[in-house]
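Report on the following structure.
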Ligand code: ADP
Ligand code: MG
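Numbering (my numbering), first residue to last: 323 to 922.
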């Protein structure tokens, strides 16, 4: 007798659930995808205990006719494709017909739905895959699905759930991605009754990003808009100053679907090369539209991965466009103007004559009033960052954020040095502080990178520099003596662990040679097998730029300051040093007035 049997449908569904329904966030993802595919303009999600007790998704989409509502829970039941050929041209988020039966197999589910134009709606109750009840009921147009006691019948999976807080975090991440992916749809997410996110209908992408990351972050974004023969690319990328310690603030959508794709992330990061410190990652929200026949979305049951055709040259296109956006936009961070009152530095009991106890008095001089921008920068940024997004604030933020003009590097008239470390300059609007070291580092870095051969050429030292090394350092030196020669350092053994530096790269200042050389050895000993050729040369040039640049506490005369600012203006990326730190900070006239409480 044969030993193979066909599994019963509800067993098969439970198995499928293992792939599709990993945790509450995956259910929210599937249900919201269905709501979007149903043409909803409003989607409300509510979770209790991170979704472990209950998940509700409510939409105003097409709804389902009574027969469809029942059929939707059958395995491989879908309204989105009809045949295999349709897989080549997927325009919906769903297509596998697996989500509803899988979810119903591992939870207690109830549904209410009414199709447009139908007089009454349909109700369904399904527990662990068994339909307990189906009935006619009143319902608004659209669909409401409630999932209670997730994994009540799959204890092994239930054990793997994290705390409700962690699960709520995953849910919130998923809803955030939808909100940024579909700014035209209004999303609301509630967790234990508290609103975590609320976006209005027909909002802009920038406003949706503000709702997720806060208006402050949204203000520091550069917009992106490009197209070639096979792709359209748009969205927002963070200025280097917005860098994060992980890749969690990177979102990529391909044809409306958020996807994880390392090749694309790397292509974006490549464009930030030389602007961010190692271990820092850019923030971005980018969208890509491709011909659906060129993307394979059927790679993973959760549909979070896609396969792209190599022939699209997408990575190159992305790197180029983003590098372009980073160059052409002004990257100067504004001064961090205190937003609240200066309670910290004011005397505990204000002296009445010194200032008004209430800080809401308007500015006295009429001419400075006329220079004031209409928008209250601070109130927009304070609210949206910490509390749920509200439509009224959107407008303030939107006006404030507008498209990025490309004003180029600002005109600067130097005023002088501060603490022998910063340069103060007057600009068209307000004051700029320039970090003299960071600025010089940027100038040298670009000079060196543009003509590496010229700057790694060896120059003989009149008096060789003697090095007394430790045994280990001597060993590292011996291992790398050829690479060092290629970089321009000519070194000679001098007996024991002593060496002579006979020639140094042209880029290195004579009296810094020993220090740079020792740093290089140190670098080699820590990165023995991880670095090669071009990257190493670049590393050395960054190091040389850093070591050769003027330092904090170096006094500069006015001609030197002027020359420094002119050279900075001539660089391709004058706004950050090669490590990603800002070279200059802007205090607008408005910022200054605000700090002095001339405006509020
Ligand atoms: P898929 O999305 O892959 O088609 P699902 O199991 O997620 O598979 O859903 C099955 C079908 O149920 C869908 O094709 C759709 O016709 C219907 N459906 C599910 N959710 C909704 C909804 N919120 N509004 C309208 N129809 C829905
Ligand atoms: Mg679906």
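Every residue, glycine too, gets a C-beta built ideally from N, C-alpha and C.
Being a predicted model, the structure only gives us computed values, none of them experimental.
Quiz prompt | Secondary structure of residue 452, DSSP reduced to three states | solution = strand
Quiz item: Considering only C-alpha positions, which residue in the set 370, 616, 455, 598 is nearest to residue 471?
Solution: 370
Quiz prompt | Rounded separation between residue 365 and residue 407 - CA only | solution = 31 Å
Quiz item: Leaving out the 5 sequence neighbours to the left and right, which residues in its chain are closer than 6 Å to residue 668 when beta-carbon positions are compared?
Solution: The predicted position of residue 668 is uncertain, since its pLDDT is 37 and thus under 50; a value taken from the coordinates is nonetheless stated next. Within the same chain, residue 668 has no close Cβ partners at all.
Exercise. Evaluate contact between the segment 777 to 786 and the segment 817 to 828, counting only Cβ atoms and requiring at least three cross-stretch pairs below 8 Å.
Key: yes
Exercise. Go through the segment 500 to 572 residue by residue and report every complete run of the alpha helix (DSSP H) that reaches 4 residues or more, in order.
Key: 527 to 535, 537 to 541
Practice problem: Report yes if the C-beta of residue 377 is less than 8 Å from at least one heavy atom of the ligand ADP; otherwise report no. | Solution: no
Self-check item: Close beta carbons around residue 325, own chain, < 7 Å, minus the five adjacent residues each side
Solution: none
Quiz item: What residue from 862, 759, 842 has the CA that sits closest to residue 890's CA?
Solution: 759
Exercise. Starting from residue 886, trace the alpha helix (DSSP H) both ways and give me its first and last residue.
Key: 880 to 891
Quiz item: Do residue 566 and residue 602 have their CB atoms nearer than 9 Å?
Solution: yes
Quiz item: Buried or exposed: where does residue 485 fall if 16 or more other Cβ atoms within 10 Å of its Cβ makes it buried?
Solution: exposed
Practice problem: Taking all protein chains shown into account, decide if residue 905 is buried (16 or more other Cβ within 10 angstroms of its Cβ) or exposed. | Solution: buried
Practice problem: Between the Cα of residue 460 and those of 443, 448, 452, 468, spot the shortest distance and give me the residue it belongs to. | Solution: 443
Quiz item: Given residue 727, which residues of its chain have a CB within under 6 Å of its CB, disregarding the five upstream and five downstream residues?
Solution: Only weak support exists for where residue 727 lies, its pLDDT of 46 falling under 50; the coordinates are left without a value.
Quiz item: Any chance the segment 633 to 643 sits against the segment 585 to 601, with 3 or more Cβ pairs inside 8 Å?
Solution: yes
Quiz item: For the segment 501 to 513 against the segment 452 to 467, are there 3 or more C-beta pairs whose distance is under 8 Å?
Solution: no
Quiz prompt | Start-to-end residues for the alpha helix (DSSP H) that takes in residue 621 | solution = Note, residue 621: premise wrong, no alpha helix (DSSP H); not H, not E.
Quiz item: When you compare only the Cα positions, how much space is there between residue 919 and residue 909?
Solution: 14 Å
Quiz item: If you check the beta carbons only, do residue 914 and residue 752 fall under 9 Å apart?
Solution: yes
Quiz item: For residue 632, which of helix, strand or coil comes out of DSSP?
Solution: helix
Self-check item: residue 822 in three-state terms, based on DSSP
Solution: strand
Exercise. List in chain order: all unbroken beta strand (DSSP E) runs of 3+ residues lying wholly within the segment 796 to 877.
Key: 812 to 815, 820 to 827
Self-check item: Paired residues, beta bridge with residue 754 - DSSP
Solution: 747, 908
Practice problem: Using alpha carbons as the reference points, say which of 858, 412, 626, 813 lies closest to residue 796. | Solution: 813
Self-check item: Own chain residues within Cβ distance below 6 Å of residue 394, not counting five before or after
Solution: 422
Quiz item: For the segment 438 to 453 against the segment 398 to 418, are there 3 or more C-beta pairs whose distance is under 8 Å?
Solution: no
Exercise. Leaving out five residues on either side along the sequence, give the residues of the same chain with a beta carbon under 7 Å from the beta carbon of residue 815.
Key: 821
Quiz item: Which same chain residues, not among the five before or five after residue 458, have their C-beta less than 8 Å away from its C-beta?
Solution: 388, 442, 443, 444, 445
Practice problem: Report yes if the C-beta distance between residue 846 and residue 775 is below 9 Å; otherwise report no. | Solution: no
Self-check item: Environment of residue 488 [buried if 16+ CB atoms lie within 10 Å]
Solution: exposed
Quiz item: Taking just the CA atoms, how far does residue 568 sit from residue 789?
Solution: 40 Å
Quiz item: Mind checking residue 874: buried by the 16 CB within 10 Å criterion, or exposed?
Solution: exposed
Quiz item: Which residues bound the alpha helix (DSSP H) around residue 778?
Solution: 774 to 778
Practice problem: Please work out which residues of its chain come closer than 7 Å, Cβ to Cβ, to residue 503, disregarding the five sequence neighbours upstream and downstream, and give them in chain order. | Solution: 575, 578, 580
Practice problem: Determine the closest residue to residue 858 out of 893, 399, 420, 771, with distance taken between C-alpha atoms. | Solution: 771
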